[in-house]
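K.L.:
Sharing a structure below in structure tokens format, with a few things to ask.
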Amino acid sequence: LHLSTAIESCPTSTSELRNTETDRDESKALSRDYEAKRRALASSLAQTQKIRHVAQQMERAKQGLERKSSFGSSLRSSGRQEERVKNLQREQIGLPDIHQIETLDLASTLSFKPDRDP
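Oh and the sequence shown: position 31 is 31 in full-length UniProt numbering, straight run, nothing missing.
This is the structure we're talking about:
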């Protein structure tokens, strides 16, 4: 009885075999697409963390500049602080705006479905 059930469930035509192979190929393609999106999302998260770190450094440099200015420190010292802020800003050039990343719709990234050929 088990043998006859197993035989009946086996593909009987080459078209059924091709369909099975096509399904397997599509599954592999979807898996690759999913993994690529997962890596892109992880990279985006790492970039967001880097941007936040640079923003924190800039804020600390700015606060240091304000403290020194409020205590009437020398212009030379203020100039060094301003240069530090400018250097931090230069490091940030080329990175996307932190607000753009925070408002990124991650759900649309996770629900990515590649186009399929009909």
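For glycine and all other residues, C-beta sits at the position ideal for the given N, C-alpha and C.
(1) In chain order, what residues of the same chain have a beta carbon less than 8 angstroms from the beta carbon of L88, not counting five sequence neighbours either side?
(2) Tell me the rounded alpha-carbon separation between E21 and R84.
(3) Take Q63 as the anchor and find which of K28, L45, E82 has the nearest alpha-carbon.
P.N.:
By the coordinates alone:
(1) Position 88 of the sequence shown, counting from 1, holds the residue named residue 88. The residues are V54, Q57, M58, A61.
(2) If you number the sequence shown from 1, residue 21 lands on position 21. If you number the sequence shown from 1, residue 84 lands on position 84. If you draw a straight line from the Cα of E21 to the Cα of R84, it comes to about 60 angstroms.
(3) Mapped onto the sequence shown, residue 63 falls at position 63. Taking only the C-alpha atoms, the option nearest Q63 is E82.
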